[in-house]
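Asker:
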Amino acid sequence: MESKMEIFGGRPLKGSVEAQGAKNASLPVMAAALLLKNNTLRITRAPDLLDVNTMADLLRNLGAEVTFSNHEMEIRTPEEISWETPPDLVRKMRASSLVLGPLLARCGKAVMPLPGGCSIGSRPIDLHLKGLTKMGASIELVHGAVHASTKGLTGCRIYLDFPSVGATENLMMAAVFAKGETVLENTAREPEIYNLAEALKSMGAKIEADGMGGIRIQGVEGLNSAEARIIPDRIEACTYILAGAATNGEVTVTGVIPNHIDSLLAKLEEAGANLTVKESEVTIHPSPRLKGVSLKTLPYPGFPTDLQPQIMAALCLAQGTSLIQESVFQSRFLHVSELNKMGARIDIQNNSAVVTGVDALTGADVAATDLRAGAALVIAGLAAHDTTVIYNLEHIFRGYEKIDEKLLQLGASVRVTSNPAVAEAGDRHDARRSSSCR
Ligand code: UD1
Numbered sequence: 002m003e004s005k006m007e008i009f010g011g012r013p014l015k016g017s018v019e020a021q022g023a024k025n026a027s028l029p030v031m032a033a034a035l036l037l038k039n040n041t042l043r044i045t046r047a048p049d050l051l052d053v054n055t056m057a058d059l060l061r062n063l064g065a066e067v068t069f070s071n072h073e074m075e076i077r078t079p080e081e082i083s084w085e086t087p088p089d090l091v092r093k094m095r096a097s098s099l100v101l102g103p104l105l106a107r108c109g110k111a112v113m114p115l116p117g118g119c120s121i122g123s124r125p126i127d128l129h130l131k132g133l134t135k136m137g138a139s140i141e142l143v144h145g146a147v148h149a150s151t152k153g154l155t156g157c158r159i160y161l162d163f164p165s166v167g168a169t170e171n172l173m174m175a176a177v178f179a180k181g182e183t184v185l186e187n188t189a190r191e192p193e194i195y196n197l198a199e200a201l202k203s204m205g206a207k208i209e210a211d212g213m214g215g216i217r218i219q220g221v222e223g224l225n226s227a228e229a230r231i232i233p234d235r236i237e238a239c240t241y242i243l244a245g246a247a248t249n250g251e252v253t254v255t256g257v258i259p260n261h262i263d264s265l266l267a268k269l270e271e272a273g274a275n276l277t278v279k280e281s282e283v284t285i286h287p288s289p290r291l292k293g294v295s296l297k298t299l300p301y302p303g304f305p306t307d308l309q310p311q312i313m314a315a316l317c318l319a320q321g322t323s324l325i326q327e328s329v330f331q332s333r334f335l336h337v338s339e340l341n342k343m344g345a346r347i348d349i350q351n352n353s354a355v356v357t358g359v360d361a362l363t364g365a366d367v368a369a370t371d372l373r374a375g376a377a378l379v380i381a382g383l384a385a386h387d388t389t390v391i392y393n394l395e396h397i398f399r400g401y402e403k404i405d406e407k408l409l410q411l412g413a414s415v416r417v418t419s420n421p422a423v424a425e426a427g428d429r430h431d432a433r434r435s436s437s438c439r
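The sequence shown begins at 2 in the working numbering and counts up one residue at a time.
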């Protein structure tokens, strides 16, 4: 049966939810476990998400033993692992490309089909490949797959043309065993980058990050067993705050690091929202109708592209006009036609959306086209009159653990049919190994 979420909207959310561990920190930290040999990485606060389970399957397929329950994961990487990644898993999730750096560092070889992922514009990995080449890897593209090999990576200076999150993470992991010093410049500065750096350091890597886009890595011979704790998911936390804003409710999100979400909090304050920020929680209170605001997505600490669809959903109901410029991804406006079906007034001009606030949204049948577009439709559905039915829920469950239960906890009226997270749990991939290295 097709998965769908029915939302009987129009009621203010009220209550408290706890932020999950960050999806985008968990995935690279899990990939880093491939650097171990006969050692174990224990990860705490790992969110139980489709993407996290896809990464776990990928690691199992490469030969690691992975156990995962109650948000605690253990990854034991044996002496021998495979360097050939399974195309079906890699195509399922773009973040699979994060195993490229560790495999190359650990095995001197990696074969990986070009990754898939959200349908939000062309997402090349040229910066990853350029950096690895500079460190001494030979890279060939054969029938749509990257074939990388090296007799040993060498430290060097790499300036990233754009502060790509994935390229920064891949290169950091590749550099852990490189000879000498690697200096990465113009790196991404997302909190998830520092979570990975801390995890690698606890495993014995020598990494210094200046917090301003410079990262120095001294190559080491080997790593040890370690424990890593995942930071709170700033995007998930902000999604619930925005759902509170859109429904004019009173929502507290606990377990957050408020300065990771400054850009959203500042924008909401500018729009007239009433917020209380404490050490590790944020509450949005009812307030007069939000005012339209302008924003542009940028790499961290700028406004995150991963919140652009959700804030757009909330601004659909603001007084006046908002201008939203998307500068990180091309074509990340697939949610717009769905929001317009619900009575929103949004016009796209190139990479900008002009949102003219309306007095009310109305329920409609809509489809999630990617993870955050799906989250935007949930917010709109919660605020809309009547019933909204959202299809293609597998996108939403890639990044939101138990979203239906959390919304029920906040007093929403939602019903999920054929939950893809539940279906996936019963249908885990069989781990099979192919080409391997010691
Ligand atoms: C990560 C996040 C994703 C978020 C994005 C930007 C994870 C698992 N995913 O994705 O949720 O939306 O950061 O904050 O952490 N680019 C290139 N060449 C490259 C690499 C990137 O042109 O080699 C471009 C991309 O096409 C895109 C932009 O750079 O336009 C940002 O991409 P990047 O920062 O690499 O995002 P991801 O790591 O894929």
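From the three backbone atoms N, C-alpha and C, an ideal C-beta is built for every residue, glycine too.
#1: Along the chain, where does the beta strand (DSSP E) that runs through His286 open and close?
#2: What do you get for Pro48, buried or exposed, if any count of 16 or more other CB atoms within 10 angstroms of its CB means buried?
#3: Kindly give me the distance between the Cβ atoms of Thr240 and Ala376, rounded to whole angstroms, as I take these residues to be in contact under 8 angstroms.
#4: Comparing alpha-carbon positions, which option in Ala426, Gly427, Leu409 and Glu425 lies nearest Met6?
#5: I need the straight-line Cα distance from Gly137 to Asp234, nearest angstrom please.
#6: Check whether the Cβ of Thr306 sits closer than 7 angstroms to any heavy atom of the ligand UD1, and report yes or no.
#7: Quick check: the Cα distance between Val143 and Gly109, rounded to an integer number of angstroms?
#8: So, helix, strand or coil for Arg77, using DSSP?
#9: Taking its Cβ as the centre, do 16 or more other Cβ atoms sit within 10 Å of Gln21, making it buried, or is it exposed?
#10: Here's the rule I'm using: 16 or more other beta-carbon atoms within 10 Å means buried, otherwise exposed. How should Gly451 be labelled?
#11: Go ahead and pull the three-state DSSP assignment for His144.
#12: Do Ser323 and Val367 have their beta-carbon atoms positioned less than 8 angstroms apart in this structure?
#13: For Gly273, which of helix, strand or coil comes out of DSSP?
#14: Report the option in His261, Gly245 and Gly215 whose CA atom is closest to the CA atom of Ala314.
#15: Looking only at its chain, what residues have a beta carbon closer than 6 angstroms to the beta carbon of Val184, apart from the 5 residues adjacent to it on each side?
#16: With burial defined as no fewer than 16 other Cβ atoms inside 10 Å of the residue's Cβ, what is the status of Met2: buried or exposed?
#17: From the DSSP output, read off the bridge partner residues of Lys292.
#18: Check for me: the beta strand (DSSP E) holding Val367 runs from which residue to which?
#19: For the alpha helix (DSSP H) that contains Pro88, what are its first and last residues?
#20: Could you give the DSSP three-state label for Val18: helix, strand or coil?
#21: Give the secondary structure of Pro48 by DSSP, where H, G and I count as helix, E and B as strand, and everything else as coil.
#22: Out of curiosity, what's the CA-to-CA distance linking Ser374 and Lys180?
#23: Is it true that the region 65 to 81 meets the region 146 to 163, where meeting means three or more beta-carbon pairs spaced less than 8 angstroms apart?
#24: Let me check understanding here. Comparing Cα to Cα, which of His396, Ala168, Ile76 and Tyr392 lies closest to Ala227?
#25: On the DSSP bridge list, what partners appear for Ser264?
#26: Note down the Cα distance separating Asp113 from Pro13, rounded to an integer number of angstroms.
#27: Considering only C-alpha positions, which residue in the set Ala23, Ser203 and Phe9 is nearest to Ile258?
#28: Evaluate the contact criterion for the region 329 to 336 versus the region 252 to 266: three or more CB pairs, one atom per stretch, below 8 angstroms.
#29: When you compare each of Val53, Asp371 and Glu186 to Val30 by their alpha carbons, which one comes out closest?
#30: In chain order, what are the residue ranges of uninterrupted alpha helix (DSSP H) at least 4 long that sit wholly in the region 166 to 212?
#31: Does DSSP classify Arg12 as helix, strand or coil?
Answerer: Let me lay it out:
#1: The residue given as residue 286 occupies position 285 in the sequence shown. That run of the beta strand (DSSP E) goes Glu282 to His286.
#2: As a first step, residue 48 is located in the sequence shown; it is residue number 47 there, counting from the start. Classification for Pro48: buried.
#3: Taking the sequence shown and counting its residues from 1, one reaches residue 240 at position 239. Taking the sequence shown and counting its residues from 1, one reaches residue 376 at position 375. Going by Cβ atoms, the distance from Thr240 to Ala376 rounds to 5 angstroms, so yes, they are a contact pair.
#4: Along the sequence shown, read from residue 1 onward, the residue named residue 6 stands at position 5. Of the candidates Ala426, Gly427, Leu409 and Glu425, the one whose C-alpha sits nearest the C-alpha of Met6 is Leu409.
#5: Your numbering for residue 137 matches position 136 in the sequence shown. Your numbering for residue 234 matches position 233 in the sequence shown. In a straight line, the C-alpha of Gly137 is about 35 angstroms away from that of Asp234.
#6: The sequence position of residue 306 within the sequence shown is 305, counting from 1. Yes, the beta carbon of Thr306 sits closer than 7 angstroms to at least one heavy atom of the ligand UD1.
#7: As a first step, residue 143 must be located in the sequence shown, where it is residue number 142. As a first step, residue 109 must be located in the sequence shown, where it is residue number 108. For Val143 and Gly109, the distance between alpha carbons rounds to 18 angstroms.
#8: Position 76 of the sequence shown, counting from 1, holds the residue named residue 77. The three-state reading of DSSP puts Arg77 in strand, counting E and B together.
#9: The residue you call residue 21 lines up with position 20 of the sequence shown. Per the 10 Å Cβ criterion, buried.
#10: This structure leaves residue 451 out entirely; the chain is present only between 2 and 439.
#11: Residue mapping note: residue 144 aligns to position 143 of the sequence shown, counting from 1. DSSP places His144 in coil when its eight states are reduced to three.
#12: Here residue 367 refers to the residue found at position 366 when the sequence shown is read from its first residue. Here residue 323 refers to the residue found at position 322 when the sequence shown is read from its first residue. No. Outside cutoff.
#13: Within the sequence shown, numbered from 1, the residue matching residue 273 stands at position 272. Correct three-state label for Gly273: coil.
#14: Mapped onto the sequence shown, residue 314 falls at position 313. If we check each option's Cα against that of Ala314, Gly245 comes out closest.
#15: Taking the sequence shown and counting its residues from 1, the one referred to as residue 184 is at position 183. Only Arg158 and Arg217 meet the Cβ criterion.
#16: As a working mapping, residue 2 is identified with position 1 in the sequence shown. Classification for Met2: exposed.
#17: What you label residue 292 is simply residue 291 of the sequence shown in a count that begins at 1. Beta-bridge pairing links Lys292 to Gln320.
#18: Position 366 of the sequence shown, counted from the start, is the residue given in the question as residue 367. Run containing Val367: Asp366 to Ala368, per the beta strand (DSSP E) assignment.
#19: Locating residue 88 in the sequence shown gives position 87, counting from the first residue. Pro88 to Lys93 is the extent of the alpha helix (DSSP H) around Pro88.
#20: Position 17 of the sequence shown holds residue 18. Strand.
#21: Position 47 of the sequence shown, counting from 1, holds the residue named residue 48. In this structure, Pro48 counts as coil in the three-state DSSP scheme.
#22: Counting from one through the sequence shown, the residue named residue 374 turns up at place 373. Counting from one through the sequence shown, the residue named residue 180 turns up at place 179. The sequence shown places Ala at residue 374, rather than the Ser named in the question. Each residue's alpha carbon lies about 43 angstroms from the other.
#23: no
#24: Taking the sequence shown and counting its residues from 1, the one referred to as residue 227 is at position 226. Answer by Cα proximity: Ile76.
#25: Here residue 264 refers to the residue found at position 263 of the sequence shown. None; Ser264 has no bridge partner.
#26: Reading the sequence shown from its first residue, position 112 is the one you call residue 113. Reading the sequence shown from its first residue, position 12 is the one you call residue 13. It should be pointed out that residue 113 corresponds to Met in this sequence rather than to Asp. If I take the Cα positions, the gap works out to 46 angstroms.
#27: Locating residue 258 in the sequence shown gives position 257, where the first residue counts as 1. With distances taken between Cα atoms, Ile258 lies closest to Ala23.
#28: no
#29: By 1-based counting over the sequence shown, the position of residue 30 is 29. Checked all of Val53, Asp371 and Glu186; the closest Cα to Val30 is Val53.
#30: 166 to 176 and 192 to 203
#31: Here residue 12 is taken as the residue at index 11 of the sequence shown, counted from 1. Reduced to three states, the DSSP call for Arg12 is coil.
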